[in-house]
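Taken in sequence, the protein lines are chains A and B.
Just so we're aligned, residue 1 is where the first sequence starts under full-length UniProt numbering, counting upward by one.
Just so we're aligned, residue 1 is where the second sequence starts under full-length UniProt numbering, counting upward by one.
These notes are about the structure you will find just below.
There are 2 protein chains.
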Amino acid sequence: MTANEVIRAPVAAVEAFCVSAFTACGADAETARDATRSMMHGSVHGVDSHGVRLTAHYIRALEGGRLNKRPKPELRRIKTGSGLLEADHAQGARATYCAMDHAMEMARESGIAAVGIRNSSHFGPAGAYAKYAADKGFLALVVANSDSFVRLHDGTERFHGTNPFSVAAPSGGPDPWLLDMATSAVPYNRVELYRSLGVTLPVGVASDAKGVNTTDPHLAEMLAPVGGEFGFKGAAIGGVAEIFSAVLTGMRLSPEILPMGGPDMSTPREMGAFVLAMDPDGFIGAGIVEAGMRRYLDLLRNSPARPDCRVMAPGDREWAEAARRRVDGLPLDPVTQDGFRTLAATYGLKLPF
Amino acid sequence: MTANEVIRAPVAAVEAFCVSAFTACGADAETARDATRSMMHGSVHGVDSHGVRLTAHYIRALEGGRLNKRPKPELRRIKTGSGLLEADHAQGARATYCAMDHAMEMARESGIAAVGIRNSSHFGPAGAYAKYAADKGFLALVVANSDSFVRLHDGTERFHGTNPFSVAAPSGGPDPWLLDMATSAVPYNRVELYRSLGVTLPVGVASDAKGVNTTDPHLAEMLAPVGGEFGFKGAAIGGVAEIFSAVLTGMRLSPEILPMGGPDMSTPREMGAFVLAMDPDGFIGAGIVEAGMRRYLDLLRNSPARPDCRVMAPGDREWAEAARRRVDGLPLDPVTQDGFRTLAATYGLKLPF
Numbered sequence: 001m002t003a004n005e006v007i008r009a010p011v012a013a014v015e016a017f018c019v020s021a022f023t024a025c026g027a028d029a030e031t032a033r034d035a036t037r038s039m040m041h042g043s044v045h046g047v048d049s050h051g052v053r054l055t056a057h058y059i060r061a062l063e064g065g066r067l068n069k070r071p072k073p074e075l076r077r078i079k080t081g082s083g084l085l086e087a088d089h090a091q092g093a094r095a096t097y098c099a100m101d102h103a104m105e106m107a108r109e110s111g112i113a114a115v116g117i118r119n120s121s122h123f124g125p126a127g128a129y130a131k132y133a134a135d136k137g138f139l140a141l142v143v144a145n146s147d148s149f150v151r152l153h154d155g156t157e158r159f160h161g162t163n164p165f166s167v168a169a170p171s172g173g174p175d176p177w178l179l180d181m182a183t184s185a186v187p188y189n190r191v192e193l194y195r196s197l198g199v200t201l202p203v204g205v206a207s208d209a210k211g212v213n214t215t216d217p218h219l220a221e222m223l224a225p226v227g228g229e230f231g232f233k234g235a236a237i238g239g240v241a242e243i244f245s246a247v248l249t250g251m252r253l254s255p256e257i258l259p260m261g262g263p264d265m266s267t268p269r270e271m272g273a274f275v276l277a278m279d280p281d282g283f284i285g286a287g288i289v290e291a292g293m294r295r296y297l298d299l300l301r302n303s304p305a306r307p308d309c310r311v312m313a314p315g316d317r318e319w320a321e322a323a324r325r326r327v328d329g330l331p332l333d334p335v336t337q338d339g340f341r342t343l344a345a346t347y348g349l350k351l352p353f
Numbered sequence: 001m002t003a004n005e006v007i008r009a010p011v012a013a014v015e016a017f018c019v020s021a022f023t024a025c026g027a028d029a030e031t032a033r034d035a036t037r038s039m040m041h042g043s044v045h046g047v048d049s050h051g052v053r054l055t056a057h058y059i060r061a062l063e064g065g066r067l068n069k070r071p072k073p074e075l076r077r078i079k080t081g082s083g084l085l086e087a088d089h090a091q092g093a094r095a096t097y098c099a100m101d102h103a104m105e106m107a108r109e110s111g112i113a114a115v116g117i118r119n120s121s122h123f124g125p126a127g128a129y130a131k132y133a134a135d136k137g138f139l140a141l142v143v144a145n146s147d148s149f150v151r152l153h154d155g156t157e158r159f160h161g162t163n164p165f166s167v168a169a170p171s172g173g174p175d176p177w178l179l180d181m182a183t184s185a186v187p188y189n190r191v192e193l194y195r196s197l198g199v200t201l202p203v204g205v206a207s208d209a210k211g212v213n214t215t216d217p218h219l220a221e222m223l224a225p226v227g228g229e230f231g232f233k234g235a236a237i238g239g240v241a242e243i244f245s246a247v248l249t250g251m252r253l254s255p256e257i258l259p260m261g262g263p264d265m266s267t268p269r270e271m272g273a274f275v276l277a278m279d280p281d282g283f284i285g286a287g288i289v290e291a292g293m294r295r296y297l298d299l300l301r302n303s304p305a306r307p308d309c310r311v312m313a314p315g316d317r318e319w320a321e322a323a324r325r326r327v328d329g330l331p332l333d334p335v336t337q338d339g340f341r342t343l344a345a346t347y348g349l350k351l352p353f
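Given below as structure tokens:
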């Protein structure tokens, strides 16, 4: 095995390693559980940018003081279906699962409920929380903002974060309908990947330091909003995430958020987020909604496709990848392996590979 | 004046003409008021595809029996913050303003509320209803599906409608923040415009009858979802509109909806829609939200732009156009003029031009 080789490790072993690393650094049980399950959502479904590669990062933030190892998140329920979760600088997944639990409980009574999250931090894959709610029978919407990385339409500086937008709905089958998208044209890790592969980027997805479009991944300093010529649409959906997560909660706007990567790992980032849950029984009813989703997905998946293509529902690619990875194990890139080795040495843990 | 000339007519005169035409055809006062104000939203803000050109169409649908001239929309409030509006085959704007009124009233109590609309029809510009709520201090989301016109990502047949997605927020200024987008790459009227101008379409926005991308507007038989290479994102946002408006209400999916243009103008189209309102006082509070929106919009509008460009917030282009049109009058294309002339002759009305 060379230093540049991706290796595979069993899902359960990786999960146990992450929980034990968080626990060893002094994080409480809820933080260890929630940080791990959000990253496992990413790693299992093939969203490696938001997978277990973040373990070392989160632990640096916990050790540095940016994140609270033993937070006491508290719900301020303001109206029947709305409120704010004061997250007490919890790791983002800890805050967001907690907020979604409250939103679902409130939605049983009010049909729809939303919780704005205050004083949270990077929450990883938005889809983890939307899927969590859909698996319990709710329709869900989850958004957050993040430090500036995406130019505006016609703009030439980093403004919005990659501001994720996720919606899920129970499908009447084992897996929900799940949209989980960045509002940038491509994820930044695509730029990093193309750099290492020496491949040029598609036209119009990234810009250089002056905001001029470039296809050279080495010159890419910011991302374009999704939509190409119609990037005003992508920028505006990024704006929806910004308004719901930061404005409605009184938290920092994207350009005001400290960079995720540091160097400052001790100052809390004061980030907002927003989760919404709808109970189908507050509308036409769970039975009719599930039948409707089955009818919709049958029509969609059987819709004629371009040669050598298949029309997929949002999430279908991820469920297939998860099935493969549960058998083959999770791919761990060299940087993630190194991070795991350092954590294992620091805390005296057994590696999962 | 030739038959092909666009003429301008004063806003108030056009508005009065539309109300009188609906009234003359036997529609009740609420239908005349709401159908007119939704179209005026389109015409005043430069969204002519959803402006007063639709007057003749809606009146044909009212006369034909597709739409109920004197509907009795009824709210079934199911939980504190959720319910269904049985629209009784009302004209779509009549149903949607009514649903938003209920949603805002419920949101005062529950912080957030959503109303699914049943047995409605084409509702015109989604932004009209989101702006209506934002003008009253609410954040709002409005979606609907419509008859099939947009292919799926990798798909080769019409599937979703142009499924509009609109979000608005009070801005702390006279005009709200307003996103109002079709989830197709371009509106179909852009295809029609380019046909008449003999101009080729941008790459990847439309397909021919076999679903193959074409830049020839004469061959365009369906639209692509917004996002270009990343059209799976646009198709999925179209899916959000589909699920919230049709599945959650038990109404027809896009491929099941009778074509807007007929020939059948007598059968109700049984369309759904979905409106959501949030009261800022259910979250961090209206004062902080307005201050946050002002800070956000100041940062955004002052963000550096490409040469000869200016960064605009969603809606800015429309507010500027509205200011011009309130002075210069509304442009009426020849087809709309003819429609007005026919209505004037049929019902003995005075033309606004």
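Note that CB positions come from ideal geometry on N, CA and C, so glycine has one too.
Listed along the chain, the chain A residues whose CB falls inside 7 Å of the CB of B:Ala305 are Asp154, Gly155 and Thr156. With at least 16 other beta carbons inside 10 angstroms of its own, A:Asp147 counts as buried.
In the DSSP assignment, A:His218 falls outside any alpha helix (DSSP H), carrying neither H nor E. Around A:Thr249, the beta-carbon contacts reaching into chain B at under 8 Å are Phe283 and Ile284.
Collapsing the DSSP output to three states places B:Phe159 in a strand.
It is roughly 7 Å from the alpha-carbon of A:Ala87 to the alpha-carbon of A:Pro71. Under the DSSP assignment, A:Phe232 falls outside any beta strand (DSSP E), being part of the alpha helix (DSSP H) whose first and last residues are Gly231 to Glu242. The C-alpha of A:Gly339 lies about 24 Å from the C-alpha of A:Val327. The C-alpha of A:Ala114 lies about 6 Å from the C-alpha of A:Val275. Cβ-Cβ distances below 6 Å link A:Ser120 to Ala87, Gly92, Ala95, Met271 and Ala273 in the same chain, with the five nearest sequence neighbours on each side left out; the list follows chain order. In the three-state DSSP reduction, B:Phe353 falls in the coil class, being neither helix nor strand. Going by C-alpha positions, B:Ala235 is about 22 Å away from B:His50. Three or more Cβ pairs closer than 8 Å define a contact, and the segment 235–246 of chain A meets that threshold against the segment 148–164 of chain A. Spatial neighbours of A:Lys210 in its own chain (CB-CB distance under 8 Å, excluding positions within 5 residues in sequence) are listed in chain order as Thr156. Judged by DSSP in its simplified three-state form, A:Ala320 adopts helix. If you ignore the 5 residues before and after A:His45, its C-beta comes within less than 7 Å of the C-beta of Glu318, Glu321 and Ala322, all in its own chain and listed in chain order. If you draw a straight line from the Cα of B:Phe230 to the Cα of B:Glu30, it is about 42 Å long.
Contacts with chain A (Cβ-Cβ distance below 7 Å) from the segment 96–124 of chain B involve Glu109, Ser110, Gly111, Ile112, Ala113, Ala114 and Gly116, listed in chain order.
In this structure, B:Pro174 lies away from B:Ala134, with their beta-carbon atoms at least 7 Å apart. The segment 52–59 of chain A makes contact with the segment 37–44 of chain A, as at least three CB pairs between them are under 8 Å. A:Ile288 has a beta carbon lying within less than 7 Å of a beta carbon in chain B. The three-state secondary structure of A:Leu139, taken from DSSP, is strand.
Rounded to the nearest angstrom, the gap between the Cα atoms of A:Pro268 and B:Pro280 is 25 Å. Under the criterion of beta carbons closer than 8 Å, A:Asp34 and A:Tyr97 qualify as touching, at roughly 5 Å.
In summary, A:Thr183 is buried, with 16 or more beta-carbon neighbours lying within 10 Å of its beta-carbon over all protein chains present. Within 8 Å of the CB of B:Leu299, the CB atoms of chain A belong to Phe159, Leu253 and Pro255, in sequence order along the chain.
DSSP places B:Met181 within a strand segment (E or B) once states are collapsed to three. Residues of the segment 169–194 of chain B that bring their beta carbon within less than 8 Å of a beta carbon in chain A comprise Ala169, Trp177, Leu179, Met181, Ala185 and Val186, in sequence order. Only Gly211, Val212, Val226, Gly227, Gly228, Glu229, Phe230, Phe232, Lys233 and Gly234 from the segment 209–234 of chain A bring a Cβ to less than 9 Å from some Cβ of chain B.
Proximity of A:Lys79 to chain B, defined by a Cβ-Cβ separation below 7 Å, is satisfied.
Within the segment 250–318 of chain B, the alpha helix (DSSP H) runs of at least 4 residues that lie entirely inside it are, in chain order, 286–301.
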